[in-house]
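Worksheet: one structure, shown below.
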Amino acid sequence: MTSTSGRGWRDRAREDPSLSEILYVLQRRRLLIVGVVLVLAGIALLFGLFREPVYTAEAKVSVRPQEELDGEEARLAFLEEVRGAVVTQEMLSEVRRRAGWEAEPKAFSERLDPRTVADSDGGPGLQIRFHGDDPGQAALAANAYAELFVERVEDLGDRPPAGGVQVAEALVEQKALPGDYIPRPLIYAAIAAGVGLLIGGAAALILEGRASGWRGVRDAELTLRVPVLGTIPDYSSKKTEG
1 MTSTSGRGWR DRAREDPSLS EILYVLQRRR LLIVGVVLVL AGIALLFGLF REPVYTAEAK
61 VSVRPQEELD GEEARLAFLE EVRGAVVTQE MLSEVRRRAG WEAEPKAFSE RLDPRTVADS
121 DGGPGLQIRF HGDDPGQAAL AANAYAELFV ERVEDLGDRP PAGGVQVAEA LVEQKALPGD
181 YIPRPLIYAA IAAGVGLLIG GAAALILEGR ASGWRGVRDA ELTLRVPVLG TIPDYSSKKT
241 EG
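Next comes the structure, spelled out in structure tokens:
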């Protein structure tokens, strides 16, 4: 089947194709879309598996000031002051010892990611993430940092940090568990699959817009925008050959 002009969608392309038209194109080009998704997801998965580390464990510490702090900036400033007062090289060395870390200290620091957080509901606190090759060691390192941080805050006693606001309480709100980790390769693969779906879908629409001729009744209906009651096969090529 061919169109009267020798061109299909491109002759009467519209700027606002309907959802049914888009779904029809995507369904017909599904092999292209699936192929793009699988290729990108596979590359991302391999990248995540061969890129160290693989697991991320997370622990949380809550730090409460004795005075009410107004605004997120004030809470973050308070947390940074407390963190600066208690986090020392000696503390980090003790964290590595408790975590059973035997490699270089620099590698430990690169995998450790403590962040100060302050929101209106939970108040100020510290979010400790550790990226490790093994989920058990990742959880052990995150918990060691959280527990030692609380101990050092308690050692401050009535001595306020540089800002002058004393700490009322510090406690570990959430401990990292060996089974409670984030498999980073799967996250990479999921993101890549989503990107591949968008790229594959866009490529399918572009190829369909450039296609010549009608390859079926549905193509004719979408181009002419009227129902097709019947079709006549094109035998011109066969007659030319004969």
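With my numbering applied, the sequence shown corresponds to residues 1 to 242, in that order. Think of the CB as a built atom: it goes at the ideal place given N, C-alpha and C, for glycine as much as any other residue.
| request: With a cut-off of 8 angstroms on the beta carbons, I'd call Phe78 and Pro114 a contact; round off their distance for me. | output: Not quite, the Cβ-Cβ distance comes to about 15 angstroms (not below 8 angstroms), so this is no contact.
| request: Check the C-beta distance from Ala170 over to Val61 and give it rounded, since I have them as a contact under 8 angstroms. | output: 7 angstroms
| field | Identity of the residues DSSP links to Gln174 by a beta bridge | value | Lys60
| query | How would you write the range of the alpha helix (DSSP H) that Arg98 sits in, first residue to last? | reply | Gln89 to Ala99
| message | In the DSSP output, which residue or residues are listed as bridge partners for Pro311? | response | Because the chain in this structure spans residues 1 to 242, residue 311 falls outside the shown range and cannot be described.
| task | Would you decide whether Arg152 is buried or exposed? Buried here means 16 or more other CB atoms lie within 10 Å of its CB. | result | buried
| Cβ of Ala99 within 8 angstroms of Cβ of Gln137? | yes
| field | CA-to-CA distance, Ala118 to Glu94, given in whole angstroms | value | 27 angstroms
| By Cβ distance below 6 angstroms, which residues in the same chain neighbour Ile128 in space, the five residues on each side in sequence not counted? | Ala59, Pro114, Ala142, Tyr145 and Ala146
| said: Going by beta-carbon coordinates alone, are Ala204 and Ala41 separated by less than 8 angstroms? | reply: no
| request: Work out the CA separation of Glu67 and Arg97 for me, nearest whole Å. | output: 35 angstroms
| request: Confirm, please, whether the CB-CB distance from Gly200 to Leu92 is below 8 angstroms. | output: no
| said: Our contact map puts Thr116 next to Leu69 with C-beta atoms below 8 angstroms; I'd like the distance itself, whole angstroms only. | reply: 13 angstroms between Cβ atoms; not a contact.
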